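Chains F and E supply the protein sequences, listed in that same order. The first sequence begins at 422 in my numbering and counts up one residue at a time. The second sequence begins at 422 in my numbering and counts up one residue at a time.
Number of protein chains: 2
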Amino acid sequence: MTAKEGLTYKDAGVDIDAQDDALERAREAIRASFTPGVLGDVGLFGGLFDPAKVGCGDMVLVASADGVGTKLEVARRAGVYHTVGRDLVQHCINDILVQGARPLFFLDYAAMGKLSPEIVGELIRGCAEACRDHGLALLGGETAEMPGLYKDGDFELVGFLVGAVARDKILDGSRVAPGQTAIGIASDGLHTNGYSLARKILFERMKLALDDTPDELAGRTVAEALLAPHRSYLEALWPMLEADRVHALAHVTGGGLPGNVPRILGDCDVVLRRGSWPVPGLFRLLVEGGKLAPEEAHRAFNMGIGMVVLVDAFDADAMVGDLAARGETAWRIGTVEEGEGRLRWDS
Amino acid sequence: MTAKEGLTYKDAGVDIDAQDDALERAREAIRASFTPGVLGDVGLFGGLFDPAKVGCGDMVLVASADGVGTKLEVARRAGVYHTVGRDLVQHCINDILVQGARPLFFLDYAAMGKLSPEIVGELIRGCAEACRDHGLALLGGETAEMPGLYKDGDFELVGFLVGAVARDKILDGSRVAPGQTAIGIASDGLHTNGYSLARKILFERMKLALDDTPDELAGRTVAEALLAPHRSYLEALWPMLEADRVHALAHVTGGGLPGNVPRILGDCDVVLRRGSWPVPGLFRLLVEGGKLAPEEAHRAFNMGIGMVVLVDAFDADAMVGDLAARGETAWRIGTVEEGEGRLRWDS
Chain F
422 MTAKEGLTYK DAGVDIDAQD DALERAREAI RASFTPGVLG DVGLFGGLFD
472 PAKVGCGDMV LVASADGVGT KLEVARRAGV YHTVGRDLVQ HCINDILVQG
522 ARPLFFLDYA AMGKLSPEIV GELIRGCAEA CRDHGLALLG GETAEMPGLY
572 KDGDFELVGF LVGAVARDKI LDGSRVAPGQ TAIGIASDGL HTNGYSLARK
622 ILFERMKLAL DDTPDELAGR TVAEALLAPH RSYLEALWPM LEADRVHALA
672 HVTGGGLPGN VPRILGDCDV VLRRGSWPVP GLFRLLVEGG KLAPEEAHRA
722 FNMGIGMVVL VDAFDADAMV GDLAARGETA WRIGTVEEGE GRLRWDS
Chain E
422 MTAKEGLTYK DAGVDIDAQD DALERAREAI RASFTPGVLG DVGLFGGLFD
472 PAKVGCGDMV LVASADGVGT KLEVARRAGV YHTVGRDLVQ HCINDILVQG
522 ARPLFFLDYA AMGKLSPEIV GELIRGCAEA CRDHGLALLG GETAEMPGLY
572 KDGDFELVGF LVGAVARDKI LDGSRVAPGQ TAIGIASDGL HTNGYSLARK
622 ILFERMKLAL DDTPDELAGR TVAEALLAPH RSYLEALWPM LEADRVHALA
672 HVTGGGLPGN VPRILGDCDV VLRRGSWPVP GLFRLLVEGG KLAPEEAHRA
722 FNMGIGMVVL VDAFDADAMV GDLAARGETA WRIGTVEEGE GRLRWDS
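Right under this line is the structure:
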């Protein structure tokens, strides 16, 4: 036996040093996200978190898992790796916010075929910075090198978030009642849904390049418009939740308005008015370029609404104004009626 | 515009109905995993869990994220999809067990290029059944269809687990002291680590087929040996943890014994004795087939030890016997000495 005959783990495409290197690059950003709830340091088998140390010792936990979808493919082509981590964290934050919860901690999973410490370091740093900005801890995660499963340069990014809500503050649809007003808060582009269709329309059918600037994008490139981070509504909505002004929230993710609004309605219907908000240029470009039927567009894309908020009718104008004061653009887009948990359109 | 010109989301490779179908297939298995801590049903934005309802209302949370690695590739080739979900759950259970925690709930993420409801349903069902068997809830998850990122038939499976531990029961290395005994508990094969190297050795270098039965596998096929589920040590070790007989635990995952045992040692060293446990046939086959240097084999594979337990020397024989009575095979494999957090070998 010669040294050359003997295989190593690295020969099989798995470089444990590269995994360590990736973590090392993100370590300071991870530590900067730590809150008083975190016990221990980076790199334990499991991350330790004490809810009592952040005032959530006797609350219900709310957990959510999500990915970024094929927005990853746009990030890879554009060579921009730190924004998709932010997308993931902010998507997960919204997913638990709709049940009235605030985030406690987040874990990430990043995988590549051949691990690039630079890319994985950027992915984790993006997650860590978004965590720090929203007061939650990046508590742990996993980096995997999976030769053969992912092509060179391709990567996967998955996130997991745990938050907490007091038992009497859980939003579960029971406070939805006829006569309430539906307010829509503006999204920043596609957020994390519809990228497979958007890529097909923009790149295959319309033959656009990442640095093209079609009129509908008002000066932004295709890459900039597609990589705009998934907007988090935590800062804007938290005071309204604490003041019990919000009766239900729907995060407009996969399935769009028709796929998500019915999830929160209980026995009521919501009637949305077409044209009650301005559809942004990116969505108009996609609808025209793909010749999309309206129902198909609404099922694949958020069409400019990232979050739907149900409030008392008398509070609706004040809510729109208060959201504007907190940096969000919002519109009255519909009303709650008696029904059976459906979304209907009033055109 | 004709109907044919108008794109649909499905044209872009994303079939929302297939995602619903996959979830529907696993729904009963998911519900069967629900524990008294779960509030609400399948399909909320975030899963709700009340730790107080399972006696963990004022505990520290422990969270872990993990994948299955390229064991997925073996599962795909063998057409066996329900065991990798179990692998994932049981891997995560061990990862939090080493900090003294018991599992509360689990979330899964499954992704494919073209979503097969049958395969994703099997993946989720495997997770749900392993959750039920260990008394934790499959609280939520995400199914993603990502055309282009995954080749036809390829899939990714990621898991997140949250558990709880009383503040005074956290295992953090502080109870490790010179004179303690290291006990190794037998693994069931590779668990979820080293598959890229194992595949290279068995399939590329040795040209073995999945249904071959080399002597070293004692009658099992290559597929059976490689797909043996990651063993969970929760049931066997929980009574020992409750009785404060365990001073530290190391789960032997990526990095093997040298990569994991030093993570729990505090200021002490552990000295392991070569030959103190029988290396199973699968590992001998891999070492011989790949002409692996011993240090390389120990870094890529668990080499027959799935968990290392540090106990008082006077309790070591009783511990080995009690583990045997609970269905585990264990050996005294080393001792704790004064040092600086290293693993050393006494050959």
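Cβ coordinates follow ideal geometry from the N, Cα and C atoms, glycine included. Just so we're clear, the structure is a prediction, and the values are computed from it rather than from any experiment.
Of the residues the options, the one placed nearest residue i, counting alpha carbons only
i	options	result
D575 of chain E	E:R452, E:R694, E:T602 and E:R498	E:R498
G594 of chain F	F:N681, F:R641 and F:V643	F:N681
G584 of chain E	E:D738, E:S485, E:G755 and E:G727	E:S485
G600 of chain F	F:D690, F:G562 and F:M533	F:D690
A751 of chain F	F:L658, F:F455 and F:D636	F:L658
L707 of chain F	F:D636, F:V757 and F:R747	F:D636
I754 of chain F	F:A639, F:G762 and F:A734	F:A734
A447 of chain F	F:S537, F:D436 and F:L764	F:S537
D767 of chain F	F:G696, F:A669 and F:L678	F:G696
E759 of chain E	E:D688, E:A718 and E:A450	E:D688
Buried or exposed by the 16-neighbour rule on C-beta atoms within 10 Å, applied to residue i
i	result
G468 of chain F	buried
P650 of chain E	buried
P715 of chain E	exposed
A424 of chain F	Residue confidence for A424 of chain F is low, a pLDDT of 47 falling below 50, so the modelled location carries little weight; the figure read from the coordinates is stated next. Burial call: exposed.
D633 of chain E	exposed
R720 of chain E	buried
M422 of chain F	Any reading at M422 of chain F must be qualified, since the residue scores a pLDDT of 41, below 50, and its modelled position is unreliable; the value itself is stated next. M422 of chain F comes out exposed.
P722 of chain E	Here the sequence assigns Phe to residue 722 of chain E, which means Pro is not the residue at that position. So F722 of chain E counts as buried.
A745 of chain E	exposed
R553 of chain F	buried
P701 of chain F	buried
P699 of chain E	exposed
Pair within 8 Å by beta-carbon distance, residue i and residue j
i	j	result
L557 of chain E	F527 of chain E	yes
G725 of chain E	A607 of chain E	yes
G521 of chain E	I591 of chain E	yes
E740 of chain E	V729 of chain E	This sequence places Met at residue 740 of chain E; Glu is not what is there. The answer is no: Cβ separation not under 8 Å.
S653 of chain E	H503 of chain E	no
I685 of chain E	V541 of chain E	no
G458 of chain E	V475 of chain E	yes
L493 of chain F	L578 of chain F	yes
L518 of chain E	L655 of chain E	yes
V692 of chain E	T756 of chain E	yes
L764 of chain F	P683 of chain F	yes
M453 of chain F	A549 of chain F	Here residue 453 of chain F turns out to be Ala, not Met, going by the sequence shown. Yes, they are a contact pair.
8 Å contact criterion, which residue i and residue j should meet: CB distance rounded
i	j	result
A551 of chain E	R620 of chain E	Not confirmed; about 24 Å, so no contact.
I622 of chain F	L428 of chain E	6 Å
H512 of chain E	D471 of chain E	H512 of chain E to D471 of chain E, Cβ: 26 Å. No contact.
L703 of chain F	A646 of chain F	5 Å
A565 of chain F	A532 of chain F	4 Å
A433 of chain E	L618 of chain F	4 Å
Closer than 8 Å at the beta carbon, the chain B residues around residue i
i	result
Y430 of chain E	The structure shown contains no chain B; its protein chains are F and E.
Interface flag, residue i vs chain E, CB-CB below 8 Å
i	result
M627 of chain F	no
V691 of chain F	no
I606 of chain F	no
V776 of chain F	Outside the displayed span of chain F (422 to 768) sits residue 776 of chain F, for which this structure offers no information.
Q520 of chain F	yes
F704 of chain F	no
H672 of chain F	yes
G476 of chain F	no
M422 of chain F	Model confidence at M422 of chain F stands at a pLDDT of 41, short of 50, so the residue's coordinates are unreliable; what they give is reported in the following sentence. It does; some Cβ of chain E falls within 8 Å.
G562 of chain F	yes
P567 of chain F	The identity of residue 567 of chain F in the sequence shown is Met, whereas the question assumes Pro. So yes, M567 of chain F belongs to the interface.
S485 of chain F	yes
K590 of chain F	no
Residue i at chain F interface by Cβ criterion, 8 Å
i	result
G547 of chain E	no
G534 of chain E	no
Y530 of chain E	yes
H555 of chain E	no
I437 of chain E	yes
F470 of chain E	yes
R452 of chain E	no
A669 of chain E	no
R684 of chain E	yes
I514 of chain E	no
D593 of chain E	yes
I517 of chain E	yes
V730 of chain E	no
L638 of chain E	no
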